[in-house]
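Worksheet: one structure, shown below.
There are 2 protein chains.
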Amino acid sequence: MVQILVVDDDKEIVNAIEIYLKKEGYQILKAYDGKQALEMIKNHEVHLVILDVMMPNQDGFETLQEIRKEKTIPVIMLSAKSEDYDKIEGLNTGADDYITKPFNPLELIARVNSNVRRYVDFGSMETTKGEKIYQTGGLKMNDETKQVTVDGEEIKLTATEYHILRFLLQNKGKVYSIPQIYENVWNEESYGAENIIAVHIRHIREKIEINPKEPIYLKVIWGIGYKIEDISH
Amino acid sequence: MVQILVVDDDKEIVNAIEIYLKKEGYQILKAYDGKQALEMIKNHEVHLVILDVMMPNQDGFETLQEIRKEKTIPVIMLSAKSEDYDKIEGLNTGADDYITKPFNPLELIARVNSNVRRYVDFGSMETTKGEKIYQTGGLKMNDETKQVTVDGEEIKLTATEYHILRFLLQNKGKVYSIPQIYENVWNEESYGAENIIAVHIRHIREKIEINPKEPIYLKVIWGIGYKIEDISH
DNA sequence: AAAAAAGGTTATCAAAATGGTACAAATCAA
DNA sequence: TTGATTTGTACCATTTTGATAACCTTTTTT
């Protein structure tokens, strides 16, 4: 049984989310401001938090930081606007995902499922301060410290490059089309975004590949998409 | 196969939408008011609903709420006016997307595709028909990693070859005519496309068969079509 | 059984699609 | 404002594709 804490000062939204997630088989806890949320987390076993950004008293970011002092459970931020400020701020302070209001119920469910799955899969349930490390061959990514290394040597990626690489590395072996990559990284409809991805792919390759002409990690599947090679030996 | 239910009291619109979406390879179900729509959903496997807001008897929002009591499939609302009221109302009651009439066919298709993709990708698709691994004898296909192996050895197919093989392998044992194969892979009317398939069949054989002259997997049934032999031992 | 017809296979090649690259313009963060 | 990052545009390289046509095989007809 997975318990999810929903935090928003708008009770209607909390109730709507409750309905959707209960149908998916989750147990719901509710809080209407940051303080209540922290209380809840202290006294209950919470596996995932959905956290509104704009709240009275203590806003979402502050609350998120408080949570992060204690726990590494997944936190999904809810934000009324899709402003970049929020995006960056949220993801830098340690949010695992974010959704903009008005939200699409399926997207909510999808993101919750995906984060729960990831969390559970990595066996870092509950107190264990599990490191989020993704790896294939000599390519390592530590999502806590945001460090990426190739054969032990650290490389510097930009934010977008990092997000693309993380998405592919988390799902290493699986092939994703350009729209799929775009939608997962940008949280937006992809429309003629083909070249944008191509450019970022090139930049990533220049940084992680020994010989970008013959990539060993980030490979293309002609006519289908890209993948990170799963190298486990 | 993805089934889409189109609900609008204006039959012309329903038919127009049907034409557009069929071309994209979707199966269409039709209903002309809310009640019929709910019936349809009860009795058929519906993967997405396109729902007009203004309808006699029961309007779109009521219908949407009824649907939401049962299902979490994507619902796209259709509305004659682009008033904000409708948008908010629709999205809060659980619509996943919104299109205003008169709509742009390309936009319709884009939104349908996007919602289906999201729904299917995140595995919340209720059909969950199958594993993504298809196999017969020593021939294996993993549709997530897009890898195809023969007796453990990986082979490289082009996108079209892959799609043809996947179609036949998913339906191993069954025989399909050339037009059937074409229509399933290209989502288009086949018209004098006979030779194209033949050429691809040859390429596939060259790659998956030990001796392409005497194929053991991809067999021809003279005068009828092709099939992938079902080898289960 | 031989000839004719129909159906299937193979080879070649130009056109189209797709991916990669370079660089300029726009945007964003400090 | 400045420098870094991201996005847009244009062009090139490669792979894939579909069209044509000749050539086999199987089936049907005579």
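Line by line, the protein sequences give chains A and B. All you need for the working numbering is the position in the first sequence, starting with 1, plus 118. All you need for the working numbering is the position in the second sequence, starting with 1, plus 118. Virtual Cβ for every residue (Gly too), placed ideally from N, Cα, C. All values reported here derive from a predicted model rather than from experimental measurement.
Item to check | Boundaries (first-last residue) of the beta strand (DSSP E) holding A/Gly343 | outcome: Indexing the first sequence from 1 puts residue 343 of chain A at position 225. Where A/Gly343 is concerned, the enclosing beta strand (DSSP E) stretches over Gly343 to Ile346.
Next on the checklist: Can you find the residues in the same chain that come closer than 7 Å, C-beta to C-beta, to A/Pro330, ignoring five residues on each side of it along the sequence?
Outcome noted: Counting from 1 along the first sequence, the entry for residue 330 of chain A is found at position 212. Excluding residues within five positions, the ones whose Cβ falls inside 7 Å are Arg323 and Glu324.
Checklist entry - So which residues of chain A does B/Lys264 contact, with C-beta pairs closer than 9 Å? => result Indexing the second sequence from 1 puts residue 264 of chain B at position 146. Chain A residues near B/Lys264: Lys292, Val293, Ile339, Ile342, Gly343 and Lys345.
Checklist entry - Does A/Tyr138 have its Cβ less than 8 Å from a Cβ in chain B? => result The count along the first sequence starts at 1 and reaches residue 138 of chain A at position 20. By this cut-off, A/Tyr138 is an interface position.
Checklist entry - For the 8 Å Cβ check, are there 3 or more pairs between the stretch 147 to 157 of chain B and the stretch 332 to 346 of chain A? => result no
Checklist entry - A/Thr254 and A/Ile135: beta carbons closer than 8 Å? => result For this step, residue 254 of chain A is matched to residue 136 along the first sequence. For this step, residue 135 of chain A is matched to residue 17 along the first sequence. No, these two residues do not count as a Cβ contact at 8 Å.
Checklist entry - What residue range is occupied by the uninterrupted alpha helix (DSSP H) comprising B/Lys129? => result Locating residue 129 of chain B in the second sequence gives position 11, where the first residue counts as 1. It spans Lys129 to Lys141 - the alpha helix (DSSP H) in which B/Lys129 sits, taken as one unbroken run.
Item to check | Extent of the continuous beta strand (DSSP E) to which A/Ile217 belongs | outcome: Counted from its first residue, the first sequence places residue 217 of chain A at position 99. Where A/Ile217 is concerned, the enclosing beta strand (DSSP E) stretches over Asp215 to Thr218.
Item to check | Residues in the stretch 218 to 237 of chain B having any Cβ partner in chain A nearer than 9 Å | outcome: Ala228, Arg229, Asn231, Ser232, Asn233, Arg235, Arg236 and Tyr237
Next on the checklist: I want to verify the contact list: residues of chain A whose CB lies under 7 Å from the CB of B/Pro192, in sequence order.
Outcome noted: As a working mapping, residue 192 of chain B is identified with position 74 in the second sequence. Simply Leu224.
Next on the checklist: Need the endpoints of the beta strand (DSSP E) that A/Thr267 sits in, please.
Outcome noted: Position 149 of the first sequence, counting from 1, holds the residue named residue 267 of chain A. Taken as a continuous stretch (DSSP letters only), the beta strand (DSSP E) holding A/Thr267 covers Gln265 to Val268.
Checklist entry - Run through DSSP, which three-state label would B/Gln176 get? => result Locating residue 176 of chain B in the second sequence gives position 58, where the first residue counts as 1. In this structure, B/Gln176 counts as coil in the three-state DSSP scheme.
Checklist entry - Under 7 Å Cβ-Cβ, which residues of chain A neighbour B/Gly212? => result Within the second sequence, numbered from 1, the residue matching residue 212 of chain B stands at position 94. By Cβ distance, chain A contributes Pro223.
Checklist entry - If you pair each beta-carbon of the stretch 219 to 227 of chain B with each one of the stretch 126 to 143 of chain B, do three or more pairs fall below 8 Å? => result yes
Item to check | A/Asp214 classed as buried or exposed, judged by whether at least 16 other C-beta atoms fall within 10 angstroms | outcome: Against the first sequence, residue 214 of chain A aligns to sequence position 96. Buried, because 16 or more other Cβ atoms sit within 10 Å of the Cβ of A/Asp214.
Item to check | Cutoff 8 Å: B/Thr276 Cβ touching any chain A Cβ | outcome: Here the question's residue 276 of chain B lines up with position 158 in the second sequence. Closer than 8 Å: yes.
Item to check | Cβ separation of A/Ala311 and A/Ile334, assumed to be a contact under 8 Å, to the nearest whole Å | outcome: As a working note, residue 311 of chain A is residue 193 in the first sequence. As a working note, residue 334 of chain A is residue 216 in the first sequence. A/Ala311 to A/Ile334, Cβ: 26 Å. No contact.
Checklist entry - Going by the CB atoms, is the gap between B/Gln298 and B/Gly343 shorter than 8 Å? => result Residue mapping note: residue 343 of chain B aligns to position 225 of the second sequence, counting from 1. Residue mapping note: residue 298 of chain B aligns to position 180 of the second sequence, counting from 1. Result yes, Cβ atoms of B/Gly343 and B/Gln298 sit closer than 8 Å.
Checklist entry - Any beta-carbon of chain A closer than 8 Å to the one on B/Glu244? => result Position 126 of the second sequence holds residue 244 of chain B. Because the pLDDT at B/Glu244 is just 44, under 50, the model does not fix this residue reliably, and the point stays unresolved.
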